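In this note's numbering, the protein residues as written are 674 to 798. We treat Cβ as the ideally placed atom computed from N, Cα and C, and that holds for glycine. Here the structure is a predicted model, which means the values were calculated and not measured. Down below is the structure, laid out as C-alpha coordinates.
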(Lines of atoms letter the chains of each structure in order from A and count residues from 1; the text may use other names and numbers.)
(Lines give C-alpha, C1' and ligand atoms only; values in the text may rest on other atoms or scores of the structure.)
Protein backbone atom coordinates (compact mmCIF):
# COMPACT_ATOMS: atom_id res chain seq x y z
CA UNK A 1 0.00 0.00 0.00
CA UNK A 2 2.95 2.32 0.63
CA UNK A 3 4.09 2.07 -3.00
CA UNK A 4 0.57 2.81 -4.20
CA UNK A 5 0.29 5.85 -1.95
CA UNK A 6 3.73 7.08 -3.09
CA UNK A 7 2.74 6.66 -6.74
CA UNK A 8 -0.49 8.55 -6.01
CA UNK A 9 1.44 11.46 -4.46
CA UNK A 10 3.75 11.73 -7.48
CA UNK A 11 1.00 11.31 -10.08
CA UNK A 12 -1.37 13.72 -8.34
CA UNK A 13 1.43 16.27 -7.94
CA UNK A 14 2.20 16.16 -11.68
CA UNK A 15 -1.48 16.28 -12.61
CA UNK A 16 -2.15 19.23 -10.31
CA UNK A 17 0.91 21.08 -11.61
CA UNK A 18 -0.52 20.70 -15.10
CA UNK A 19 -4.05 21.58 -14.00
CA UNK A 20 -2.81 24.71 -12.21
CA UNK A 21 -0.87 25.69 -15.35
CA UNK A 22 2.56 25.75 -13.66
CA UNK A 23 4.46 24.69 -16.82
CA UNK A 24 2.61 27.32 -18.88
CA UNK A 25 3.36 29.97 -16.26
CA UNK A 26 7.03 28.97 -16.33
CA UNK A 27 6.98 29.43 -20.10
CA UNK A 28 5.44 32.87 -19.58
CA UNK A 29 8.28 33.73 -17.21
CA UNK A 30 10.87 32.78 -19.81
CA UNK A 31 9.07 34.82 -22.49
CA UNK A 32 8.75 37.85 -20.22
CA UNK A 33 12.42 37.60 -19.25
CA UNK A 34 13.38 37.58 -22.92
CA UNK A 35 11.16 40.61 -23.51
CA UNK A 36 12.88 42.45 -20.66
CA UNK A 37 16.27 41.66 -22.16
CA UNK A 38 15.10 42.93 -25.53
CA UNK A 39 13.98 46.18 -23.92
CA UNK A 40 17.35 46.63 -22.21
CA UNK A 41 19.19 46.08 -25.51
CA UNK A 42 16.94 48.38 -27.54
CA UNK A 43 19.12 51.30 -28.64
CA UNK A 44 16.12 53.32 -29.80
CA UNK A 45 14.54 53.56 -26.34
CA UNK A 46 15.63 56.22 -23.90
CA UNK A 47 16.82 55.33 -20.44
CA UNK A 48 13.55 56.44 -18.81
CA UNK A 49 11.49 54.30 -21.18
CA UNK A 50 13.78 51.33 -20.59
CA UNK A 51 13.53 51.80 -16.84
CA UNK A 52 9.72 51.94 -16.92
CA UNK A 53 9.44 48.89 -19.18
CA UNK A 54 11.91 46.81 -17.16
CA UNK A 55 10.15 47.74 -13.91
CA UNK A 56 6.84 46.61 -15.40
CA UNK A 57 8.43 43.30 -16.39
CA UNK A 58 9.96 42.93 -12.92
CA UNK A 59 6.60 43.49 -11.21
CA UNK A 60 4.94 40.92 -13.46
CA UNK A 61 7.75 38.43 -12.84
CA UNK A 62 7.41 38.97 -9.10
CA UNK A 63 3.70 38.17 -9.36
CA UNK A 64 4.45 35.07 -11.42
CA UNK A 65 6.91 33.92 -8.75
CA UNK A 66 4.13 33.94 -6.15
CA UNK A 67 1.65 32.33 -8.54
CA UNK A 68 4.05 29.49 -9.39
CA UNK A 69 5.16 29.01 -5.79
CA UNK A 70 1.57 28.98 -4.50
CA UNK A 71 0.41 26.62 -7.22
CA UNK A 72 3.30 24.23 -6.57
CA UNK A 73 2.55 24.30 -2.83
CA UNK A 74 -1.11 23.45 -3.50
CA UNK A 75 -0.09 20.70 -5.93
CA UNK A 76 2.08 19.13 -3.24
CA UNK A 77 -0.16 19.77 -0.23
CA UNK A 78 -3.29 18.22 -1.74
CA UNK A 79 -1.94 14.69 -2.30
CA UNK A 80 0.00 14.81 0.95
CA UNK A 81 -3.23 15.79 2.68
CA UNK A 82 -4.89 12.68 1.28
CA UNK A 83 -1.98 10.56 2.55
CA UNK A 84 -2.28 12.32 5.91
CA UNK A 85 -5.96 11.37 6.05
CA UNK A 86 -5.07 7.78 5.16
CA UNK A 87 -2.45 7.83 7.91
CA UNK A 88 -5.04 9.10 10.42
CA UNK A 89 -7.33 6.26 9.33
CA UNK A 90 -4.54 3.75 9.95
CA UNK A 91 -4.26 2.72 6.29
CA UNK A 92 -0.66 3.82 5.61
CA UNK A 93 2.25 5.37 7.44
CA UNK A 94 2.73 9.00 6.35
CA UNK A 95 6.49 8.83 7.03
CA UNK A 96 6.85 5.61 5.05
CA UNK A 97 5.03 7.10 2.06
CA UNK A 98 7.20 10.24 2.14
CA UNK A 99 10.33 8.09 2.43
CA UNK A 100 9.16 5.99 -0.50
CA UNK A 101 8.54 9.06 -2.69
CA UNK A 102 12.17 10.05 -2.11
CA UNK A 103 13.59 6.64 -3.01
CA UNK A 104 15.67 6.36 -6.15
CA UNK A 105 13.23 4.07 -8.03
CA UNK A 106 10.37 6.55 -7.55
CA UNK A 107 12.54 9.56 -8.40
CA UNK A 108 13.88 7.93 -11.57
CA UNK A 109 10.42 6.69 -12.57
CA UNK A 110 8.82 10.07 -11.91
CA UNK A 111 11.53 11.79 -13.94
CA UNK A 112 11.05 9.47 -16.92
CA UNK A 113 7.25 9.62 -16.79
CA UNK A 114 7.35 13.39 -16.28
CA UNK A 115 9.63 13.94 -19.27
CA UNK A 116 7.52 11.71 -21.50
CA UNK A 117 4.32 13.46 -20.41
CA UNK A 118 5.91 16.88 -20.86
CA UNK A 119 7.03 16.06 -24.40
CA UNK A 120 3.63 14.60 -25.25
CA UNK A 121 1.74 17.60 -23.90
CA UNK A 122 4.19 20.02 -25.52
CA UNK A 123 3.64 18.35 -28.86
CA UNK A 124 -0.14 18.82 -28.54
CA UNK A 125 0.05 22.55 -27.79
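Compute the distance between the beta-carbons of residue 709 and residue 730, then report whether it is under 7 Å. Yes, they are a contact pair.
Once the 5 residues before and after residue 791 are set aside, which same chain residues still bring their CB inside 8 Å of it? Excluding positions up to five away in sequence, the list reads 696.
CA-to-CA distance, residue 765 to residue 782, given in whole angstroms: Looking at the two C-alpha atoms, the distance is approximately 21 Å.
Tell me the rounded alpha-carbon separation between residue 737 and residue 713. Distance between the alpha carbons of residue 737 and residue 713 is about 20 Å.
Beta strand (DSSP E) runs contained entirely in the stretch 680-735, provided each spans 3 or more residues: Taking only runs of at least 3 residues, no beta strand (DSSP E) segment lies wholly in the stretch 680-735.
Just reading off the alpha helix (DSSP H) that residue 770 is part of, what are its end residues? Note, residue 770: alpha helix (DSSP H), 767-774.
Residue burial classification, residue 686 (beta-carbon count within 10 angstroms, cutoff 16): By the neighbour-count definition (other C-beta atoms within 10 Å, threshold 16), residue 686 is a buried residue.
Is the CB-CB distance between residue 675 and residue 769 below 7 Å? Yes.
How many Å lie between residue 785 and residue 779 at the Cα? Straight-line Cα distance between these residues: approximately 10 Å.
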